[in-house]
Every structure is written in C-alpha cells, then in structure tokens.
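This report concerns only the one structure given below.
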Amino acid sequence: MIAKEGFPFVFGALAVFIILVIFPVKLLIFLSLLCGVFFLWFFRDPERSIPPFKDIMVSPADGKVVEALETEYEGREVTKISVFMNVFNVHVNRMPIGGELTAITHKPGKFLAADKPEASYENEQNIIDISTQYGDVTVKQVAGLLARRTVCNAKVGEKLPVGERFGIIKFSSRVEVFVPKGFDICVKSGDIVKAGESVIAKYIG
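Numbering of the sequence shown is given in this note's numbering, commencing with residue 218 and proceeding in unit increments.
Structure (structure tokens):
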C-alpha cells in the first residue's frame, strides 16, 4: 500500500520517465526512474499489528526515541516522548491511544533539524489534542530540515482507535506524545520503535 500523499510525487516522476522514453536522454531516464522508485518506497504504508492489550499507548511513528522526560505542558504534568524519523523510516503516523480529536492547531515555524530538542517548539508543527479515558493526550507532528509539510488527515470530532492512521510527515521529521500522569513509560532515549506496534507506555493508575 502507498500513502495517498505520495501519489503526486510518484506519478510526477513516472510522467517524466515516460516523456524521456519518448525523447531519450539516458541519464535523465535513469534519474527519473530512480526518483519514481524512491518515492514508491518512501511513501510505503505497511499494515501493522496493533497490540491486543488494554491500557496501553503505542508509538505514533517509526524511528528512534530521542527524548523521554518528565515535564510540564499546558499546565499538565506529563512525560514527553519524542520520536525522530529519518528518511529511511515509514512516515505514516498512527494514533498512540484511542480517543476523540478535540483540536488540531497548525503552528508556523522554522525548519531546524528534527532531532534537535529546540525543534520541538521552534519548528513548524501540527498540534493534535485528544480526549481519552485516561485524560488529555497531545501529539505533535513536527517538521524538520527536509520535511516541509506535516499532514493530519483526521478531523476534529473524530473518534479513532489506537493504532489508526491519522497523518503523515513528508521526509525526515519528528513526532511527540505528551503522556499524562498514571502511565508507566516503557521506552527510553535511543530505543527504536514502530508506529502502531511498539508499546511506549502502560496505564497503571
């Protein structure tokens, strides 16, 4: 399966390839075909096996955990878990927990390297607020040095289950989850996680 956000890139590269086949220029033909193959691979959207457990939170993104720290966010005591996606990771984002989307806010900003801590508050981002049975959870899609577009396909008022697709970030970037009190954190900085599959927190009350 291919994420729909990748269609313009894939079809654009293939269109150039077809034109160059008709009017051959060997190097350009090779480069256009290479681009088409890369976009097909980059925008892959594999199925995931959502853990069949209650009271868990899963990773919203594929990549490397670069932060797992206790902090305060919007007056709430939370644990912030940040996952950095490099260009080789799947970039489709999934719900870390089931709940209702109560707000989606786009915040313009910079395009610093997404693995840097300051990217969390300085970069362009989508801020997604989710009402859950465990309290309010916030997810951030943060743009990066190469990622210039964050996409949230879900809508305010939608109720989505844990592991459901909700968006994508084009090229390397960062996704963050602000986990409320009552959860035991299951990951640490340096861990490699998969969207929808890796358990990052368990509710212990």
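Ideal Cβ positions, reconstructed from N, Cα and C, are used throughout, including at glycine.
The three-state reading of DSSP puts Ala-285 in strand, counting E and B together. The Cβ atoms of Ser-276 and Ala-360 lie no closer than 8 Å to each other. Note: Met-274 is bridge-paired with Ala-418 in the DSSP secondary-structure output. The beta carbon of Asp-272 lies closer than 7 Å to those of Lys-419, Tyr-420 in the same chain, with the five residues before and after it left out. By the Cβ test, the stretch 393–409 is not in contact with the stretch 248–262, since fewer than three Cβ pairs between them sit closer than 8 Å. Bounds of any beta strand (DSSP E) do not take in Pro-269, whose DSSP letter is neither H nor E.
The three-state reading of DSSP puts Pro-225 in helix, counting H, G and I together.
Annotation for Leu-318: the continuous beta strand (DSSP E) segment containing it runs 316–324. Here Glu-341 is buried, its C-beta having at least 16 other C-beta atoms within 10 Å. Taken in chain order, the unbroken stretches of beta strand (DSSP E) that lie wholly in the stretch 318–395 and span 3 residues or more are 342–349, 352–359, 367–369, 382–386.
The count of Cβ pairs closer than 8 Å, one atom from the stretch 294–308 and one from the stretch 317–327, stays below three, leaving the stretches out of contact. Distance from the CA of Ser-337 to the CA of Ile-409, rounded to the nearest whole angstrom, comes to 19 Å.
Nearest in C-alpha terms to Thr-349, of all of Lys-333, Gln-358, Gly-374, Glu-339, is Gly-374. A direct Cα-Cα distance of roughly 19 Å separates Val-233 from Phe-260. For the pair Val-307 and Val-356, the CB atoms are not nearer than the 8 Å cut-off. Exposed is the label assigned to Thr-288, since fewer than 16 other Cβ atoms lie within 10 Å of its Cβ. Under DSSP, Pro-397 takes part in a beta bridge, and its partners are Val-295. Where Val-309 is concerned, there is no enclosing alpha helix (DSSP H), although the beta strand (DSSP E) around it starts and stops at 309–311. Residue environment analysis places Ser-390 among the buried positions, since at least 16 neighbouring C-beta atoms fall within 10 angstroms of its C-beta.
Listed as beta-bridge partners of Val-300 by DSSP are Val-282, Val-392.
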